[in-house]
Amino acid sequence: MAKSSNPEGKTGVRIVVAGDRGTGKSSLIVTAAAETFPTNVPRLLPPTRLPEDFYPDRVPITIIDTSSNPEDRGKLAEELKRADAVVLTYACDQPETLNRLSTFWLPELRQLEVMSPIMQQFREIETCIECSAYKHIQIPEVFYYAQKAVLHPTGPLFDQETQTLKPRCVRALKRIFILCDHDRDGALSDAELNNFQVKCFNAPLQPSEIVGVKRVVQDKLVEGVNERGLTLTGFLFLHALFIEKGRLETTWTVLRKFGYNNDIKLSDDLIPYSSFKRAPDQSVELTNEAIEFLKGVYELFDSDLDNNLRPIEVEDVFSTAPENPWNDAPYKDAAEKTALGGLSLDAFLSEWALMTLLDPARSLENLIYIGYPGDSSSAIRITRRRRLDRKKQQSERNVFQCFVFGPANAGKSALMNSFLGRPYLDSYSPTADEQYAVNVVELPGGIKKTLVLREIPEDGVSKLLSSKESLAPCDIAVFVYDSSDESSWKRATELLMDVAGHGEDTGYEVPCLIVAAKDDLDSFPMAIQNSTRVSQDMGIEAPIPISSKLSDFNNIFRRIVNAAEHPHLSIPETEAGRSRKQYHRLINRSLMVVSVGAAVAIVGFAAYRVYAARKNASS
19 MAKSSNPEGK TGVRIVVAGD RGTGKSSLIV TAAAETFPTN VPRLLPPTRL PEDFYPDRVP
79 ITIIDTSSNP EDRGKLAEEL KRADAVVLTY ACDQPETLNR LSTFWLPELR QLEVMSPIMQ
139 QFREIETCIE CSAYKHIQIP EVFYYAQKAV LHPTGPLFDQ ETQTLKPRCV RALKRIFILC
199 DHDRDGALSD AELNNFQVKC FNAPLQPSEI VGVKRVVQDK LVEGVNERGL TLTGFLFLHA
259 LFIEKGRLET TWTVLRKFGY NNDIKLSDDL IPYSSFKRAP DQSVELTNEA IEFLKGVYEL
319 FDSDLDNNLR PIEVEDVFST APENPWNDAP YKDAAEKTAL GGLSLDAFLS EWALMTLLDP
379 ARSLENLIYI GYPGDSSSAI RITRRRRLDR KKQQSERNVF QCFVFGPANA GKSALMNSFL
439 GRPYLDSYSP TADEQYAVNV VELPGGIKKT LVLREIPEDG VSKLLSSKES LAPCDIAVFV
499 YDSSDESSWK RATELLMDVA GHGEDTGYEV PCLIVAAKDD LDSFPMAIQN STRVSQDMGI
559 EAPIPISSKL SDFNNIFRRI VNAAEHPHLS IPETEAGRSR KQYHRLINRS LMVVSVGAAV
619 AIVGFAAYRV YAARKNASS
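The numbering used here applies: residue 19 is where the sequence shown begins, and numbers increase by one.
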């Protein structure tokens, strides 16, 4: 007999048998293993193993007997937590043991968080079987269904209350349908249906079987079949039918053949994680191939060609992924929206650039979900180290990350909002958590770069700088202060000194710009003198005045990108850093003098040896 595939790569299933005393737990286990009813059963059995050829899935089973004595509660709880499946027993001739399932045993499982998530009141229950160890009725079936509940679970696929496929299952099956619909006509032809059958089950369908499948669907759902073949609606209906009839292994075989795990997500081995290995000061970007693919996706889903991907169209883009990754932070509201709440092509690509920068694995995973063709590792590239960029005095990145520092109420959020085209708000709302804003910045010559602004709340700076590598992913830092408030200026310079010092100490120095916000207000006294002194002392550009209220931004975003592209020009230098460099220069000069002196001594000694040898030879 051909060996069946092992679902989910399971090396074994651990089944724990629990229930009240005298309900036949041990007898059930012995009868299943020995195929005979025991006359003498010990109080508690040792772990019992059923070999892999016991059931069709060819996965060995270990059955754990348990004691219901009060003194063994701790051991029982431990075993229940380790279980892949739990078999609860009751005695048909003892009605009180049946009542105890709902009054004690199932609440106990719930309290221990066994078999969660919970689907309805006690939806943990997959199957209910009446059996008899004495009469040898349905004993093998007990552990077969327990194993099946682990290898082919109902929960991830089907909502038993609504009797419908779960959303994540629908999304996965939709992706599989699209992958099998080679001519992209919205239906699986007889040939495509047959190819699908061969891929998943290693056996072709006979023409009469194909006709039969389509007839079953069409009898129940007219729109499930059209003149071109089986539609997506029909394909989903077919799987719902399999599940309703208890043939979960059919749907699970299909899902696993296309790389899905028990969470209905692509298995880790389909994501080339080795592609993301990088130094702390390297980042990940999309390649031109990936960007061109995404442009094609945008055009496909922008059905009215208005350069506005509406929210419902964005949801459609991710309808073959487990969920829309942009519905949650940090991606939600991170890109510029059109007047209709949609995304332009630049905003769409910006969101992808942000996700690739922050979570390349998730970005690549979603590219695969939405149909990226070919080798997935061709979709991303690792950038050159930022340290090398500074030496080369040029950055080749297409995506720059800018950390935005500043005291409270300095205008950081207003700067972020203006970057996304949002209107200025007079009311002040402090930022509690880090925020991101991403957009495309057009440079002279039509060159486009993606800029990511990451707002660091003032009270989050200490935590950020507690990590040695915290500045490694930063291409440039800006320090925003309220130009009308001297205390805001002082705090901004303190933050600048802290960040610059951290960069010098760790080797992850970053170019810095100072932004004088609220330029529509009168400056505090001595503002120009103070800012000039600090800029000159630290060797960076003078503060750049902007006014979010007046929409006067002084080309700030272009200037940020320009400074990031030439990272050697705007790196601040603290007094401690300057002293350290002078010390290193002094040491290097001393070593050079010593080296030259040693070289002269060696040459002199060699010359003397030659002279002495010649003198001895002549005499």
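We treat Cβ as the ideally placed atom computed from N, Cα and C, and that holds for glycine.
- Per DSSP, A534 is not a residue of any alpha helix (DSSP H); the beta strand (DSSP E) it occupies stretches across 530-535.
- Nearest C-alpha to Y349 among L358, S368, E331: S368.
- Listed as beta-bridge partners of R472 by DSSP are F421, Y454.
- T115 sits in a helix when the DSSP states are folded into three classes.
- Secondary structure note for L363: its alpha helix (DSSP H) is the uninterrupted segment 363-376.
- The shortest CA-to-CA distance from E473 to any of Q112, T449, V458, R415 is the one to T449.
- Of the residues assessed, K410 falls on the exposed side of the cut-off, its CB having fewer than 16 other CB atoms within 10 angstroms.
- The C-alpha of L106 is placed about 33 Å away from the C-alpha of A190.
- In the structure shown, P563 adopts extended strand secondary structure according to DSSP, grouped into three states.
- Here DSSP, grouped into helix, strand and coil, assigns F253 to helix.
- When the beta-carbon positions are compared, E476 and A426 come within less than 9 Å of each other.
- Between L438 and A371, the gap from beta carbon to beta carbon reaches 9 Å or more.
- For F497, the enclosing beta strand (DSSP E) stretches over residues 494-500.
- DSSP places E522 inside the alpha helix (DSSP H), whose first and last residues are 504-524.
- When the five nearest sequence neighbours on each side are left out, the beta carbons in the same chain lying within less than 7 Å of the beta carbon of M515 are those of T592, in order along the chain.
- The Cβ atoms of D451 and P585 do not sit closer than 9 Å to each other.
- The Cβ neighbour count for A347, taken over all protein chains shown within 10 Å, is under 16; the residue is labelled exposed.
- A direct Cα-Cα distance of roughly 22 Å separates S413 from V533.
- Within the model, the alpha-carbon separation for L183 versus D177 is close to 6 Å.
- Listed in chain order, the non-local C-beta contacts of D500 below 7 Å within the same chain comprise N427, A428, G429, S506, A535, K536, local neighbours out to five positions each way being set aside.
- Counting C-beta pairs closer than 8 Å gives fewer than three between the stretch 116-133 and the stretch 77-84, which falls short of the contact rule.
- Secondary structure within the stretch 53-118: the beta strand (DSSP E) runs of 3 or more consecutive residues, fully enclosed, are 66-68, 79-83, 103-107 (chain order).
- Fewer than three pairs of CB atoms, one per stretch, sit closer than 8 Å, so the stretch 254-264 makes no contact with the stretch 218-226.
- Within the DSSP bridge table, the entry for I47 names no partner.
- For I309, the enclosing alpha helix (DSSP H) covers residues 306-319.
- For the pair P225 and F311, the CB atoms are not nearer than the 9 Å cut-off.
- Between L406 and V579, the C-beta gap is not smaller than 9 Å, which leaves the two residues out of contact.
- Collapsing the DSSP output to three states places D177 in a strand.
- Across the set P298, I282, G277, the C-alpha of G277 shows the shortest separation from the C-alpha of L288.
- In the structure shown, the three-state DSSP call for N384 is helix.
- One thing to note: F253 has its Cβ no nearer than 9 Å to the Cβ of L197.
- If you look at V240, you'll find it isn't in any alpha helix (DSSP H); DSSP assigns it neither H nor E.
- Going by C-alpha positions, D102 is about 9 Å away from G30.
- As DSSP reads the structure, K467 sits in a beta bridge with V459.
- For A36, the enclosing beta strand (DSSP E) stretches over residues 31-37.
- Cβ-Cβ distances below 8 Å link F255 to V235, K238, L239, G242 in the same chain, with the five nearest sequence neighbours on each side left out; the list follows chain order.
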